[in-house]
Amino acid sequence: MDAVARSRLSVVLVVFSALAAACTSGDPDPSPSGPTGDVVSAGMASSDHYVGAPQRVAIGLQLGDGRLVTFGTVDVSFSYLGTAEAPVDPPERGPAAVAVYLPTPGTADEASGPTLSLPSEARGVYEAEDVTFDRAGFWQADVTADVGGLGAQRASTTLEVLEDPAYPAPGEAAIETENLTLDSDAPPEAVDSRATNESEVPDPELHEWTIARALQEGRPALVVFSTPVYCVSKFCGPVTDVVQDLATRYEDRAVFIHVEIWRDYNDDPPVMNQGAADWLLRNGGFTEPWLFLIGADGTIVDRWANLWREDEVVAALETLPRMKA
Amino acid sequence: MPRLIVATLLASALVAAACGSNGDGSDGPSAPPSGALGPVTAEAAAEAVRGLCDLVSATGRAGAEATFLDRSHETLHVIAAATEERNRDAAADLLEAKQRVEADLAGADLPPDFPSDVEALIRATRGALEAIGLEAPACPA
Numbered sequence: 000m001d002a003v004a005r006s007r008l009s010v011v012l013v014v015f016s017a018l019a020a021a022c023t024s025g026d027p028d029p030s031p032s033g034p035t036g037d038v039v040s041a042g043m044a045s046s047d048h049y050v051g052a053p054q055r056v057a058i059g060l061q062l063g064d065g066r067l068v069t070f071g072t073v074d075v076s077f078s079y080l081g082t083a084e085a086p087v088d089p090p091e092r093g094p095a096a097v098a099v100y101l102p103t104p105g106t107a108d109e110a111s112g113p114t115l116s117l118p119s120e121a122r123g124v125y126e127a128e129d130v131t132f133d134r135a136g137f138w139q140a141d142v143t144a145d146v147g148g149l150g151a152q153r154a155s156t157t158l159e160v161l162e163d164p165a166y167p168a169p170g171e172a173a174i175e176t177e178n179l180t181l182d183s184d185a186p187p188e189a190v191d192s193r194a195t196n197e198s199e200v201p202d203p204e205l206h207e208w209t210i211a212r213a214l215q216e217g218r219p220a221l222v223v224f225s226t227p228v229y230c231v232s233k234f235c236g237p238v239t240d241v242v243q244d245l246a247t248r249y250e251d252r253a254v255f256i257h258v259e260i261w262r263d264y265n266d267d268p269p270v271m272n273q274g275a276a277d278w279l280l281r282n283g284g285f286t287e288p289w290l291f292l293i294g295a296d297g298t299i300v301d302r303w304a305n306l307w308r309e310d311e312v313v314a315a316l317e318t319l320p321r322m323k324a
Numbered sequence: 000m001p002r003l004i005v006a007t008l009l010a011s012a013l014v015a016a017a018c019g020s021n022g023d024g025s026d027g028p029s030a031p032p033s034g035a036l037g038p039v040t041a042e043a044a045a046e047a048v049r050g051l052c053d054l055v056s057a058t059g060r061a062g063a064e065a066t067f068l069d070r071s072h073e074t075l076h077v078i079a080a081a082t083e084e085r086n087r088d089a090a091a092d093l094l095e096a097k098q099r100v101e102a103d104l105a106g107a108d109l110p111p112d113f114p115s116d117v118e119a120l121i122r123a124t125r126g127a128l129e130a131i132g133l134e135a136p137a138c139p140a
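These protein sequence lines map, in sequence, to chains D and Y.
To convert, note that position 181 of the first sequence is 180 in numbering that gives the first Met the number 0; the numbers rise steadily by one, no gaps.
To convert, note that position 108 of the second sequence is 107 in numbering that gives the first Met the number 0; the numbers rise steadily by one, no gaps.
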């Protein structure tokens, strides 16, 4: 496997977010900031958006001092910016949505409105559901929020919408991947990167099945693609633990699989596990973590990027019939 | 030159132009090292290390977790992302050491090895910062 760069998409998003967020302190029309003069900035927390299908869009909000906007709901409106070849000016109005706070697993959620929190108090993102984009290209997401202690705030970020999904998407056939398992001839850390520190794979129940075998046997599968150790996002470690917990509670509904991203993170060039590459490596880049629910017929039922609501995944699992042994 | 790098350079130039210059004609400061999660400033890196220095002597799990999450955690991710662009061994050392500390904090109480795990994380952080051309403050004696 050739050297893997970070997803081209995520780098472009960082660049465009910098453009969107740059110089906001000089903007003559900012929303009132709080007594500290802090300005809320927005960043995308979801990826692989595409035309024509309702999907989840997640955005993180934070201040420059590290505090995060948490709890409650925010309003998001999307505007079409055009393409690199054909920019649109002014941006054309698109869909609007209410985004609900989605906490990182194991962190607090409160019924109050948006407020500032230290990362140790709460951390998460805001997720809008059923957002449909009608055109491929770049879109701007404008967030408005009434943040306790700061007042009305506005922040913007940008996202790219593709004509078609880059990754396997709901309604598509799952890829028959021979991912590594505990029976594979591979070092333990290639099966789960936490074996680097713990000398053994910590969650063996997530490494018993290949996706291919689950498909061949007609078993539903919940598959998380993540690298708990070598993740450079904030979301990887906790989400794998969530899937491990679901595996103990719903073992009669589906098989549960963790596919580690890296075969060898340190190698030069670094080596990605083929199973992860099958699903996530596109044009030399990838994003992670991802969660896929595959039905017994081998069709992808749903998918989630970065963070997900456990009750949504549970609801999806509970619609599955109990498996025969 | 790959399209990705061209696009990044162009956008960075646009940001610099849009935000104006120093006004006195001098060159601006050199850009901080950057990766997929954005730039690592010397100030943020120093604060992250100082947070880890304070973490060594933590005795309670909740307080240790707050110190780690509020002062160091996010910046360590940003440092790792910048480091892996230049030195994957140093990035791996940092991420592995960070995960050990996170595992320590996930328990009900801090394990006996916690101080040594934090010290290992400090060493790995210094190694990563050196790889990206930044210095880190020494921990108070």
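In this text, a Cβ means the ideal position worked out from N, Cα and C, and glycines have one as well.
Predicted model, so just to flag it, every value in this text is computed and none were measured.
Helix, strand or coil at residue i [DSSP, three-state]
| i | result |
| --- | --- |
| G47(Y) | As written in the sequence, residue 47(Y) is Ala, which differs from the Gly given in the question. If DSSP states are grouped into helix, strand and coil, A47(Y) belongs with the helices. |
| S32(D) | Interpretation of S32(D) is limited by its pLDDT of 34, a score under 50 that renders its predicted location unreliable; the figure taken from the coordinates is listed afterwards. Three-state DSSP puts S32(D) in coil, outside helix and strand. |
| A144(D) | strand |
| F285(D) | coil |
| D277(D) | helix |
| E259(D) | strand |
| D244(D) | helix |
| I174(D) | coil |
| D88(D) | strand |
| D133(D) | coil |
| G126(Y) | helix |
| L161(D) | strand |
| D116(Y) | helix |
| A6(Y) | Caution is warranted here: a pLDDT of 34 is assigned to A6(Y), below 50, making its placement in the model unreliable, and the coordinate value is therefore given only provisionally. It is helical. |
| L133(Y) | coil |
| V238(D) | helix |
| T103(D) | coil |
| E42(Y) | helix |
| V222(D) | strand |
Cross-chain neighbours of residue i in chain Y, by beta carbon under 8 Å
| i | result |
| --- | --- |
| N196(D) | E95, Q98, R99, A102 |
Amino acids of chain Y, ordered along the chain, whose beta-carbon sits closer than 9 Å to that of residue i
| i | result |
| --- | --- |
| Y229(D) | A79, E83, A90, A91, L94, E95, Q98 |
| S155(D) | Per Cβ cutoff of 9 Å: no residues; S155(D) is ~14 Å from chain Y at best. |
| R193(D) | Q98, A102 |
Distance CB(residue i)-CB(residue j) smaller than 7 Å
| i | j | result |
| --- | --- | --- |
| V222(D) | S192(D) | no |
| T72(D) | V50(D) | no |
| I293(D) | P169(D) | no |
| D74(D) | T143(D) | yes |
| G126(Y) | D92(Y) | yes |
| G136(D) | G81(D) | yes |
| P94(D) | V130(D) | yes |
| S198(D) | P288(D) | no |
| T74(Y) | A43(Y) | yes |
| A107(D) | A121(D) | yes |
| P104(D) | V241(D) | yes |
| A246(D) | V124(D) | no |
| V100(Y) | D116(Y) | yes |
| E95(Y) | T195(D) | yes |
| L36(Y) | V77(Y) | yes |
| G262(D) | A189(D) | Checking the displayed sequence, the identity of residue 262(D) turns out to be Arg instead of Gly. Yes, Cβ-Cβ distance for R262(D) and A189(D) is below 7 Å. |
| G217(D) | A275(D) | no |
| L120(Y) | R60(Y) | no |
| D47(D) | P237(D) | no |
| W208(D) | I256(D) | yes |
| P114(Y) | V55(Y) | yes |
Interface residues of chain Y facing residue i [CB-CB closer than 7 Å]
| i | result |
| --- | --- |
| D133(D) | Under the 7 Å cutoff, chain Y gives no residues; its nearest Cβ is about 25 Å from D133(D). |
| Y264(D) | R87, A91 |
| D267(D) | R87 |
Chain-ordered chain D contacts of residue i [CB-CB under 7 Å]
| i | result |
| --- | --- |
| D112(Y) | Result: empty, since nearest Cβ-Cβ is about 11 Å, beyond 7 Å. |
| R60(Y) | Within chain D, no residue comes near R60(Y); the closest Cβ sits about 12 Å away, beyond 7 Å. |
| A65(Y) | S119 |
| L51(Y) | Within 7 Å Cβ-Cβ: nothing; L51(Y) doesn't reach chain D, min ~15 Å. |
Chain D contact residues for residue i, given Cβ-Cβ distances below 9 Å
| i | result |
| --- | --- |
| A45(Y) | Result: empty, since nearest Cβ-Cβ is about 14 Å, beyond 9 Å. |
| L109(Y) | None at all; the shortest Cβ gap to chain D is about 15 Å. |
| L133(Y) | Ordered by position in chain D, no residue passes the 9 Å Cβ test against L133(Y), which lies about 17 Å from the chain. |
| L120(Y) | Within chain D, no residue comes near L120(Y); the closest Cβ sits about 12 Å away, beyond 9 Å. |
Contact set between residue i and chain D, taken where Cβ atoms lie within less than 8 Å
| i | result |
| --- | --- |
| D69(Y) | G65, L117, P118, S119 |
| L54(Y) | Under the 8 Å cutoff, chain D gives no residues; its nearest Cβ is about 12 Å from L54(Y). |
Discussion item. With a threshold of 8 Å, are at least 3 pairs of Cβ atoms found where one atom belongs to the stretch 105-123 of chain D and the other to the stretch 163-176 of chain D?
Written reply: Because the criterion of three Cβ pairs below 8 Å is not met, the stretch 105-123 of chain D and the stretch 163-176 of chain D do not touch.
Worksheet item: Which whole runs of the beta strand (DSSP E) in the stretch 46-94 of chain Y are 3 residues long or more, in chain order?
Response: Counting whole runs of 3 or more residues, the stretch 46-94 of chain Y contains no beta strand (DSSP E) stretch at all.
Fill in: Stretch-stretch touch, CB-based, cutoff 8 Å, three pairs: the stretch 155-162 of chain D with the stretch 48-67 of chain D
Yes: at least three Cβ pairs fall under 8 Å.
Item to complete: Please confirm if the stretch 128-142 of chain D is in contact with the stretch 77-84 of chain D, defined as three or more CB-CB distances below 8 Å between the two stretches.
Response: As far as the Cβ criterion goes, the stretch 128-142 of chain D touches the stretch 77-84 of chain D, which means the pair count is three or higher.
Fill in: the stretch 208-224 of chain D contacting the stretch 77-93 of chain Y, beta-carbon criterion three pairs below 8 Å
The stretch 208-224 of chain D, when compared against the stretch 77-93 of chain Y, does not touch it at the 8 Å Cβ threshold.
Item to complete: Pick out the complete beta strand (DSSP E) segments inside the stretch 37-96 of chain D, 3 residues or longer, and give them in chain order.
Response: Listed in chain order, the complete beta strand (DSSP E) runs (minimum 3 residues) inside the stretch 37-96 of chain D are 40-43, 54-61, 67-69, 72-81.
Item to complete: Kindly confirm or deny that the stretch 121-140 of chain Y and the stretch 39-57 of chain Y touch, where touching means at least three C-beta pairs closer than 8 Å.
Response: Touching, per the Cβ criterion.
Item to complete: Tell me, please, whether the stretch 199-208 of chain D touches the stretch 302-320 of chain D by the rule of three or more beta-carbon pairs shorter than 8 Å.
Response: With a cut-off of 8 Å, the stretch 302-320 of chain D and the stretch 199-208 of chain D do not count as touching, because too few Cβ pairs lie within range.
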